[in-house]
Structure formats: structure tokens, C-alpha cells
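Engineer: So the sequence lines, in the order shown, correspond to chains A and B. In terms of numbering that gives the first Met the number 0, the first sequence opens at residue 0 and continues consecutively. In terms of numbering that gives the first Met the number 0, the second sequence opens at residue 0 and continues consecutively. Think of the CB as a built atom: it goes at the ideal place given N, C-alpha and C, for glycine as much as any other residue. Owing to the predicted nature of the structure, the values given are computational and were not obtained by experimental measurement.
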Amino acid sequence: MAALTIATGTGNWFSALALGVTLLKCLLIPTYHSTDFEVHRNWLAITHSLPISQWYYEATSEWTLDYPPFFAWFEYILSHVAKYFDQEMLNVHNLNYSSSRTLLFQRFSVIFMDVLFVYAVRECCKCIDGKKVGKELTEKPKFILSVLLLWNFGLLIVDHIHFQYNGFLFGLMLLSIARLFQKRHMEGAFLFAVLLHFKHIYLYVAPAYGVYLLRSYCFTANKPGPRGFLRCLTLCALSSFMFGWHVHEKAILLAILPMSLLSVGKAGDASIFLILTTTGHYSLFPLLFTAPELPIKILLMLLFTIYSISSLKTLFRKEKPLFNWMETFYLLGLGPLEVCCEFVFPFTSWKVKYPFIPLLLTSVYCAVGITYAWFKLYVSVLIDSAIGKTKKQ
Amino acid sequence: MEKWYLMTVVVLIGLTVRWTVSLNSYSGAGKPPMFGDYEAQRHWQEITFNLPVKQWAKFINPDWIALHTSRGYESQAHKLFMRTTVLIADLLIYIPAVVLYCCCLKEISTKKKIANALCILLYPGLILIDYGHFQYNSVSLGFALWGVLGISCDCDLLGSLAFCLAINYKQMELYHALPFFCFLLGKCFKKGLKGKGFVLLVKLACIVVASFVLCWLPFFTEREQTLQVLRRLFPVDRGLFEDKVANIWCSFNVFLKIKDILPRHIQLIMSFCSTFLSLLPACIKLILQPSSKGFKFTLVSCALSFFLFSFQVHEKSILLVSLPVCLVLSEIPFMSTWFLLVSTFSMLPLLLKDELLMPSVVTTMAFFIACVTSFSIFEKTSEEELQLKSFSISVRKYLPCFTFLSRIIQYLFLISVITMVLLTLMTVTLDPPQKLPDLFSVLVCFVSCLNFLFFLVYFNIIIMWDSKSGRNQKKIS
Numbered sequence: 000m001a002a003l004t005i006a007t008g009t010g011n012w013f014s015a016l017a018l019g020v021t022l023l024k025c026l027l028i029p030t031y032h033s034t035d036f037e038v039h040r041n042w043l044a045i046t047h048s049l050p051i052s053q054w055y056y057e058a059t060s061e062w063t064l065d066y067p068p069f070f071a072w073f074e075y076i077l078s079h080v081a082k083y084f085d086q087e088m089l090n091v092h093n094l095n096y097s098s099s100r101t102l103l104f105q106r107f108s109v110i111f112m113d114v115l116f117v118y119a120v121r122e123c124c125k126c127i128d129g130k131k132v133g134k135e136l137t138e139k140p141k142f143i144l145s146v147l148l149l150w151n152f153g154l155l156i157v158d159h160i161h162f163q164y165n166g167f168l169f170g171l172m173l174l175s176i177a178r179l180f181q182k183r184h185m186e187g188a189f190l191f192a193v194l195l196h197f198k199h200i201y202l203y204v205a206p207a208y209g210v211y212l213l214r215s216y217c218f219t220a221n222k223p224g225p226r227g228f229l230r231c232l233t234l235c236a237l238s239s240f241m242f243g244w245h246v247h248e249k250a251i252l253l254a255i256l257p258m259s260l261l262s263v264g265k266a267g268d269a270s271i272f273l274i275l276t277t278t279g280h281y282s283l284f285p286l287l288f289t290a291p292e293l294p295i296k297i298l299l300m301l302l303f304t305i306y307s308i309s310s311l312k313t314l315f316r317k318e319k320p321l322f323n324w325m326e327t328f329y330l331l332g333l334g335p336l337e338v339c340c341e342f343v344f345p346f347t348s349w350k351v352k353y354p355f356i357p358l359l360l361t362s363v364y365c366a367v368g369i370t371y372a373w374f375k376l377y378v379s380v381l382i383d384s385a386i387g388k389t390k391k392q
Numbered sequence: 000m001e002k003w004y005l006m007t008v009v010v011l012i013g014l015t016v017r018w019t020v021s022l023n024s025y026s027g028a029g030k031p032p033m034f035g036d037y038e039a040q041r042h043w044q045e046i047t048f049n050l051p052v053k054q055w056a057k058f059i060n061p062d063w064i065a066l067h068t069s070r071g072y073e074s075q076a077h078k079l080f081m082r083t084t085v086l087i088a089d090l091l092i093y094i095p096a097v098v099l100y101c102c103c104l105k106e107i108s109t110k111k112k113i114a115n116a117l118c119i120l121l122y123p124g125l126i127l128i129d130y131g132h133f134q135y136n137s138v139s140l141g142f143a144l145w146g147v148l149g150i151s152c153d154c155d156l157l158g159s160l161a162f163c164l165a166i167n168y169k170q171m172e173l174y175h176a177l178p179f180f181c182f183l184l185g186k187c188f189k190k191g192l193k194g195k196g197f198v199l200l201v202k203l204a205c206i207v208v209a210s211f212v213l214c215w216l217p218f219f220t221e222r223e224q225t226l227q228v229l230r231r232l233f234p235v236d237r238g239l240f241e242d243k244v245a246n247i248w249c250s251f252n253v254f255l256k257i258k259d260i261l262p263r264h265i266q267l268i269m270s271f272c273s274t275f276l277s278l279l280p281a282c283i284k285l286i287l288q289p290s291s292k293g294f295k296f297t298l299v300s301c302a303l304s305f306f307l308f309s310f311q312v313h314e315k316s317i318l319l320v321s322l323p324v325c326l327v328l329s330e331i332p333f334m335s336t337w338f339l340l341v342s343t344f345s346m347l348p349l350l351l352k353d354e355l356l357m358p359s360v361v362t363t364m365a366f367f368i369a370c371v372t373s374f375s376i377f378e379k380t381s382e383e384e385l386q387l388k389s390f391s392i393s394v395r396k397y398l399p400c401f402t403f404l405s406r407i408i409q410y411l412f413l414i415s416v417i418t419m420v421l422l423t424l425m426t427v428t429l430d431p432p433q434k435l436p437d438l439f440s441v442l443v444c445f446v447s448c449l450n451f452l453f454f455l456v457y458f459n460i461i462i463m464w465d466s467k468s469g470r471n472q473k474k475i476s
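#1: Which partner residues does V312/B have in the DSSP bridge list?
#2: Just checking my contact of L149/A with L252/A at CB under 8 angstroms: how many whole Å lie between their CB atoms?
#3: Quick check on A96/B: does DSSP put it in helix, strand or coil?
#4: Closer than 8 angstroms, Cβ to any Cβ of chain B: which residues of the segment 283 to 299 of chain A, in chain order?
#5: Compute the distance between the beta-carbons of P332/B and I376/B, then report whether it is under 8 angstroms.
#6: Would you say S309/A lies against chain B (beta-carbon separation less than 8 angstroms)?
#7: What are the start and end residues of the alpha helix (DSSP H) that includes Y201/A?
#8: Taking the continuous alpha helix (DSSP H) assigned at H395/A, which residues delimit it?
#9: Which same chain residues end up closer than 6 angstroms to E74/A when comparing Cβ atoms and leaving out the 5 residues on each side of it in sequence?
#10: Could you check which residue in A76/B, M419/B and V20/B has the C-alpha nearest to that of T362/B?
#11: First and last residue of the alpha helix (DSSP H) that includes K111/B?
#12: Determine whether the Cβ of I260/B lies closer than 8 angstroms to any Cβ atom of chain A.
#13: Whole angstroms is fine: what's the gap from F58/B's alpha carbon to I46/B's?
#14: How about M112/A and G153/A: do their beta carbons lie closer than 8 angstroms?
#15: DSSP three-state label for H184/A, please.
#16: Less than 8 angstroms between CB atoms is the rule here; does Y306/A satisfy it with respect to chain B?
#17: Return the chain-ordered list of same chain residues with a C-beta closer than 7 angstroms to the C-beta of L442/B, the five sequence neighbours on each side being excluded.
#18: Interface residues of chain B around I271/A at Cβ under 8 angstroms?
#19: Can you tell which of L120/B, P436/B, V98/B and I150/B has the C-alpha that lies nearest to the C-alpha of F3/B?
#20: How many whole angstroms separate the CB atoms of S359/B and L350/B, which I take to be in contact at a CB cut-off of 8 angstroms?
#21: Does any C-beta atom of chain B lie closer than 8 angstroms to the C-beta of T26/A?
#22: Along the alpha helix (DSSP H) that carries A44/A, what are the first and last residues, could you check?
#23: Restricting to Cα atoms, I'd like to know which of I127/A, P29/A, S33/A and T347/A is closest to F288/A.
#24: When you compare the CB of P416/A with every CB in chain B, is at least one pair closer than 8 angstroms?
#25: Measure from the C-beta of P140/A to each C-beta in chain B and report whether the shortest distance is under 8 angstroms.
#26: Should the segment 193 to 203 of chain A be regarded as contacting the segment 138 to 149 of chain A, the criterion being three or more beta carbon pairs within less than 8 angstroms?
#27: Going along chain B, which residues have a C-beta under 9 angstroms from L43/A?
#28: Under 8 angstroms, CB to CB, which of the residues in the segment 13 to 25 of chain A have a partner in chain B?
#29: Expressed to the nearest angstrom, what Euclidean distance is found between the alpha-carbon atoms of F84/A and F116/A?
#30: Smallest Cα separation from Q386/B: which of F310/B, L404/B, T418/B and Q266/B?
#31: Any beta carbon from chain A within less than 8 angstroms of Y135/B's own beta carbon?
#32: Where does H245/A fall in DSSP's three states?
#33: Looking at chain B, is there any beta carbon in it that lies within less than 8 angstroms of the beta carbon of L49/A?
#34: In three-state DSSP terms, what is V8/B?
#35: Taking C-beta pairs closer than 8 angstroms, name the residues in chain B that L302/A reaches, listed in chain order.
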């Protein structure tokens with residue numbers, strides 16, 4: 000019995016959380032997937048069938064290879080496993096090929112690669128030294144952070160429904176952040192460099208890395224703390240999201256995930272995090288527009304939102320309330336907005352004349368929240384650094 | 000209660016798992032002309048919507064070609080509608096009953112109550128049958144659970160009403176009828192048949208008769224109509240068992256073809272007698288010593304007796320045993336988890352036919368992890384935790400060396416789990432030999448039946464050795 004206990008990882012809540020979300024991901028296998036599925040199948044085909052010199056020229060499909068070379072190598076390695084599932088998916092001319100075995104392979108590859116994300120979350124949990132409010136497991140910052148990261152709504156629906164490989168990439172980013180927290184600067188820098196070669200969108204946060212590494216590792220006169228680095232990173236990601244060129248809605252995850260680490264530390268950060276994350280996640284709703292997925296996205300969104308707000312409120316219950324009446328009102332407004340856009344609007348006469356209204360309303364409403372969160376975070380960072388300087392003086 | 004938000008999260012997880020399972024295939028998908036349970040439910044909607052009540056029971060009329068055109072109707076939108084109706088019925092009836100039941104549990108912490116709710120809501124058998132195969136079991140099981148709740152909390156009249164609704168929704172709930180009857184009768188006796196007890200008895204009788212009359216009123220217009228309904232509800236002509244089911248008769252049939260050898264009326268008598276003989280001790284004890292705990296355990300043993308020995312049992316009827324076992328999850332977590340795993344495994348041939356292998360494996364693993372993490376089941380295998388202490392002490396009076404019961408049970412568990420995993424792997428990967436095409440289904444049923452027999456003995460031991468002797472033990476120590 001003891002052996003079985005160890006084997007099933009009993010008493011280890013982290014394993015239970017990780018296994019639980021992995022099983023949920025398996026249940027999401029038969030859901031809708033977007034054209035990104037075909038994108039990755041095409042890249043498997045290109046890297047498997049063609050010589051390297053052709054990889055970035057091949058254009059049989061409209062979904063040409065537009066990620067950096069490490070990702071191409073990653074697809075190449077995957078393709079050598081893919082051939083045991085269904086050889087046909089590796090044919091460049093089999094456009095939109097999606098046999099059940101192809102689906103199974105691609106979905107499982109995402110789930111499998113998430114193991115890197117799980118490891119990174121574990122490392123991050125070791126680094127945070129949040130407040131100790133109570134002895135209960137569910138009130139410990141480590142537990143809350145693990146749930147906020149492992150069960151993140153955005154990551155679940157973008158990776159395991161829409162279909163992408165963000166899990167392991169964010170794993171690399173979180174791991175490099177963890178290494179910087181642990182003062183292992185070379186490893187952290189190396190991991191980030193590797194990450195950039197997988198997906199260049201992470202350039203959004205490169206300035207934060209650059210400045211922090213220069214100050215902490217090269218010119219170490221006035222060393223900033225890793226918390227400051229994390230806030231800078233989040234702001235870089237958020238600012239790039241706000242003002243960048245050709246930004247996709249999924250890029251909000253670049254700000255949400257690092258900010259999760261900040262949220263269990265200070266009440267102020269928790270408040271900003273909750274506004275950012277709730278509006279950011281809601282802004283991803285238009286990605287899943289099919290009817291069978293409607294209950295899933297609503298249920299998962301409710302799950303994550305209720306848990307994140309309640310657990311952080313409990314964690315910081317001894318401080319002032321997390322939201323003022325304006326913020327509460329705004330967040331509650333997301334409910335009626337969803338009802339209007341997805342349940343009422345399709346049955347009105349406007350649907351034919353102005354079919355874009357739900358998208359418009361969603362984008363504008365969420366933009367308000369995200370801008371507000373960005374502004375609040377910026378103010379908080381600048382004020383804190385000003386206070387820091389006056390203290391030193 | 001505090002931590003309401005955790006309970007909400009648990010319910011949301013339950014709903015999410017249910018809906019994701021429903022994305023898979025259903026019974027009889029794309030398999031004309033019979034299709035399956037999904038088509039059956041659609042067909043019943045067709046009849047009840049289109050035909051007057053008079054015709055509901057006898058619809059086979061070759062002139063009704065207009066209705067015929069919707070036979071075998073399958074489309075994405077329709078599937079969505081059907082699946083949504085199951086979810087809504089579940090949300091309105093079964094899930095609130097489970098949440099309320101867990102909140103009303105005594106002597107356990109809030110955290111354990113929430114964990115209990117999570118485990119019950121993650122029970123794979125019900126999810127796979129209702130949301131995969133396609134049925135509406137959550138309605139009848141939900142009403143039955145409201146009945147249990149009402150009666151356990153001394154709201155006997157409401158509890159009886161709820162249970163009557165359950166029976167009139169699905170006649171399988173009769174498996175639970177005897178424990179309800181015995182417990183209520185026991186309560187009446189305890190209150191004294193010359194005073195309050197008699198009043199209660201009369202009130203209960205009125206409620207039961209009234210609810211039955213209300214449900215059946217449209218069918219009482221003609222005697223023939225009532226008989227036709229009864230004929231449809233209790234299809235005695237269909238034989239001792241159909242297909243493969245993990246009960247005694249099917250397992251017996253492997254060695255001796257009793258279905259063919261014995262005449263029909265002998266089979267009926269045999270089945271009737273064995274069923275009632277096996278459940279009688281527990282029911283009599285419940286009348287003499289009515290207690291909430293005894294009631295729940297008697298529900299288990301009674302339903303299990305019916306499942307094992309009754310006539311025309313379907314493999315899905317195991318859900319009628321699983322529900323009461325879920326209710327005693329907090330008292331004997333180890334054995335309950337074991338039973339619930341076996342119950343899901345016993346339906347494997349059906350689930351594979353419906354192409355539900357992936358959801359079955361995933362939900363079973365999720366349930367197992369939830370139980371192990373919530374209750375630390377492997378640390379609760381001592382005699383006392385298994386509620387076998389009084390029994391062991393009685394046996395030790397004659398056999399002083401009987402100290403290894405706990406160890407035996409642990410080994411049995413290991414053997415059971417290994418066998419189930421191996422059989423599952425074999426059924427999925429290998430092809431059966433040509434001479435024995437049903438080999439794997441039969442093996443699954445046989446192994447499950449052996450497990451169920453063990454559980455029947457175990458639950459009866461708990462019931463018979465329960466309570467008074469247990470309380471004396473505590474007073475002495």
C-alpha cells in the first residue's frame with residue numbers, strides 16, 4: 000500500500016493539480032480547432048519532407064513557416080514521431096488533412112510538451128515567498144499560484160482548443176524568470192535566448208531582460224530586485240500589447256502569466272492582476288465561436304475567475320478590499336455583455352445588417368479594462384521606485 | 000458555509016467534465032436501422048409531442064408514416080439540443096441534491112465536505128452513461144437522492160414524494176423501494192403504532208397513493224391501457240438476461256446454459272427467490288433498528304442484490320448501486336472507491352461500443368486521483384476504518400488467529416485493479432479468437448460479477464454487525 004501511495008503521488012497536491020489539468024486537456028481533444036492546426040501540420044510536413052534550404056521558401060500552403068529556426072527544428076523532431084501515427088500528414092500537398100490519428104498526435108504533442116510548463120511552475124513556486132496567512136493548504140500562496148498558472152484559462156483554451164504550442168514556450172519563459180530569481184543569471188539569460196529562437200514574439204519583453212541583466216550581472220553597483228524585473232517585464236509585455244504592430248489577442252497571455260507571479264505577493268498587484276486577467280481572458284472569447292464550445296468556455300472562465308478572485312481575496316483579507324465599486328461594477332458588467340453578445344444578439348434583426356457588433360462591443364469593453372490595468376500598474380511601479388529613491392536618500 | 004466558492008468551483012469542474020464527455024460519440028451514432036439509446040430518447044420525444052396520450056403506449060401503427068420521416072434523425076444542431084437537455088436536467092435535479100447532501104454530512108470538516116462533493120460529481124459511470132452513451136439517469140437518481148435527503152433529515156413526507164417521482168420517472172428505482180419502505184416502517188414502529196407512528200404511516204400512504212395516481216391518471220382511462228404500460232415497463236418476455244451483464248445468471252450461463260435449459264417460469268421463480276433471500280436480512284434489520292446509516296447501507300445491499308439476481312438486468316443498472324455507494328464515500332472511502340471503479344469497469348463493453356474509450360480512461364483516472372487525494376484512501380485500510388472491527392472480534396472468538404483481514408482485503412484490491420487494467424488493455428489491443436468472439440466481454444462481466452459478490456458479502460456484514468455492538472465497544476474502550 001505504501002508503494003501504491005507513492006506511485007500515485009498522494010499527499011502531493013502539486014502532482015494532483017498537474018495530473019488533474021492534464022486529464023482535462025485530454026477531454027478537450029475532440030473540441031473545435033482553428034486553422035492553426037493546419038498550420039502546424041503543414042510545418043510538420045515541410046520540415047519532414049523538404050531539405051533545410053527549402054523550409055523558409057516553401058509556399059504550397061498559405062501557412063508558410065514564419066517562426067524562428069528552433070521551432071522549425073522542434074517540428075522536425077516531432078515529425079519523426081508523427082510518422083508512426085499517420086504518414087499522410089507529412090505530405091506537403093495534403094492540405095487540411097486532419098484524420099483522427101493526426102488529431103490525436105497533434106493534441107497529444109501539445110499536452111506532452113506542457114510537461115516543461117509544469118516543471119517551470121514548480122520552480123516558480125519555490126521562488127515566491129508570499130505571506131503566510133493560514134495553515135490551510137488552499138490559503139498558501141504557492142498553492143494559489145500553482146492553480147493560477149497550471150489551470151490558466153487563456154492557456155487552456157488557446158493551446159488545447161484553438162490549438163497552439165504556447166505551453167512549453169511559457170514554460171521556458173517562467174523557467175528563465177525563476178532562474179533569475181535564484182540569481183542563476185547565466186542560465187536565465189540562456190533560457191531566454193533559446194526562447195527567442197522558438198518564437199520571436201517574446202521580443203516584447205527583451206528590454207526588461209536586457210536592462211535587468213546589465214544591472215544585476217554586469218554593472219552591479221545598484222542591484223534591482225527580481226520583483227522589480229518582473230514588474231518591468233509585465234509592463235513591457237502589456238505596453239507592446241497596447242501599442243504594438245499587428246498584435247493578436249492571444250498576446251495578452253504574455254502579460255497575464257508573469258503577472259500571476261506578482262499577484263500572490265502584494266494586494267495592490269493582486270487587484271491589478273485580477274482586472275487584467277478577467278478582461279484579458281474575456282477578450283479571448285471570440286476565438287471560440289462554435290456552439291458546442293460555448294458551454295466549455297463559459298464554464299472554464301467562471302471556474303478560473305471565481306477561483307482567482309476568491310482565493311486572492313482570502314489571501315489578502317487583512318488588507319483593504321481588492322476592488323472599489325467602479326472596478327466591481329465593470330467586472331460584473333462582463334456577464335450581461337456575454338449574454339447580449341452570444342444569447343440575445345443572434346436572435347435580433349441587427350445580426351444581418353451589423354454582424355460585427357458583438358466583436359466591437361467585446362473589444363471596446365475589454366480595451367477599457369486592459370488600459371486601466373496598464374495605467375494602474377505603471378503608476379504603481381513609478382510610485383514605488385520614487386519611494387525607494389527617497390528612502391535611500 | 001464558508002468556502003462556498005470552493006463548492007462552486009467543484010460544481011463547475013463537474014459540469015465541465017460532463018460537457019466535454021458529451022462532445023464524444025453517443026449510443027448508436029451513425030448505425031442505422033436500430034441506432035441506440037440516443038435515438039430511443041429522440042423517438043420518445045417524437046411520440047409524446049405528436050401523439051395524444053391515448054396512443055403513447057401503443058404507437059406501433061403502420062399508418063403513421065408521417066412520424067416515420069424523423070427516424071434516425073442525426074445532425075450537429077440536434078445533438079447539441081439533446082446534450083443540452085441532459086445538462087440542464089442534471090443541473091436542476093441531481094447536482095443540487097449532491098451539493099446539499101454533502102453540506103448536510105455530519106462530523107466532517109468543510110474541506111472534506113467539498114472534497115466529497117468533488118468525488119461524487121466526478122463518478123465516471125454516471126457521466127459516461129448520461130453524457131456519452133446518452134440517457135437521463137441523473138433525473139431518476141437525483142429524485143431518489145432528494146428522497147434519501149428528505150428521509151434522513153426527518154422530512155419523511157417530502158422525501159417519500161421525491162422518491163415516488165423517481166419511481167414514476169424510471170421503474171428501475173424500484174430497486175431502492177424496499178429500503179425506503181423498511182426504513183419508514185421502522186420509523187413508524189419506533190414512534191409507536193398506536194400514536195404518532197400510525198399517523199405517520201397514514202400520511203405516508205396518502206402521499207404515495209396520491210403521487211402515483213397523479214402520474215398515472217392519463218393512463219387509467221382504460222384497463223387495457225394500464226396493462227399495456229405495465230407490459231412495457233416489465234418486459235418479462237425478454238428473458239433472464241440480455242447481452243452481457245455482470246450478474247449471477249450471465250456468469251452462470253458461461254458454465255451451464257440455464258437460459259436454454261430451464262423453462263421461463265422456473266427462471267422467474269429462481270430469480271425472485273434468490274433476490275429476496277439475499278436482501279431479506281438487511282431489510283428486516285432496518286425495520287427493527289431504523290437508522291440513517293443503516294438506511295444508506297441497506298440501499299447499497301438491496302440494489303446490489305437486485306442487480307446480481309434479478310430478471311432482465313442491464314449493465315447500466317449498476318448505477319442504481321453506485322449512487323448509494325457514493326453516499327457512503329465519506330464513511331468507507333477505500334471500499335467505496337474500489338466499488339465505484341469496478342462499477343465503471345463492468346460497463347466497459349458498452350462504453351467501447353460507443354467509442355468512449357478515451358473519456359472512460361480519463362474520467363476514471365480523474366476520479367481515482369480525486370478520491371486518493373481527498374480521502375487518503377490507502378491510509379484507511381485498517382479493520383476499524385473498514386467498519387469490520389465488530390465482525391473481526393466476533394470471528395476471533397472462534398478463530399483467534401483471524402488478524403489478517405485487513406491485509407487480505409488490500410491484496411484483493413491489488414489483484415482486482417491489476418485484473419481490470421489487464422482486461423482493459425487486452426480488450427482494446429487484441430482481437431478475440433474466432434471461436435469465442437465475445438470472450439473479452441464475458442471475461443469483463445465475470446470478473447466484475449466476482450467483485451460484486453464480494454461487495455455484497457462485505458456490505459451485508461457491515462449492516463448485520465453494525466451499531467449496537469459498535470457503540471458498546473466505544474463505551475468499553
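Structural biologist: So, to answer that:
#1: F240/B
#2: About 14 angstroms separates the two Cβ atoms, so there is no contact after all.
#3: helix
#4: A290, P291, P294, I295, L298 and L299
#5: yes
#6: yes
#7: That residue, Y201/A, is in no alpha helix (DSSP H); it is neither H nor E in DSSP.
#8: Residue coverage of chain A in this structure runs from 0 to 392, which leaves residue 395/A outside it and unanswerable.
#9: W42, L43 and T46
#10: V20/B
#11: T109 to L120
#12: no
#13: Low confidence applies to F58/B: its pLDDT is 43, below 50, so where it sits in the model is not reliable, and the reading given next is rough at best. Each residue's alpha carbon lies about 8 angstroms from the other.
#14: no
#15: helix
#16: yes
#17: L422
#18: Going along chain B, no residue has its Cβ under 8 angstroms from I271/A, so there is no contact; the nearest lies around 21 angstroms.
#19: In the sequence as presented, Phe is not what sits at residue 3/B; that position holds Trp. It is V98/B whose Cα lies nearest to the Cα of W3/B.
#20: 5 angstroms
#21: Residue identity check: residue 26/A is Leu in the sequence provided, not Thr. Yes, L26/A counts as interfacial toward chain B.
#22: D35 to S48
#23: S33/A
#24: Since the first and last residues shown for chain A are 0 and 392, residue 416/A lies out of range.
#25: no
#26: no
#27: Chain B residues near L43/A: none, gap ~22 angstroms exceeds 9 angstroms.
#28: A15, L18, G19, L22, L23 and C25
#29: 25 angstroms
#30: L404/B
#31: no
#32: coil
#33: no
#34: helix
#35: V8, L11, I12 and T15
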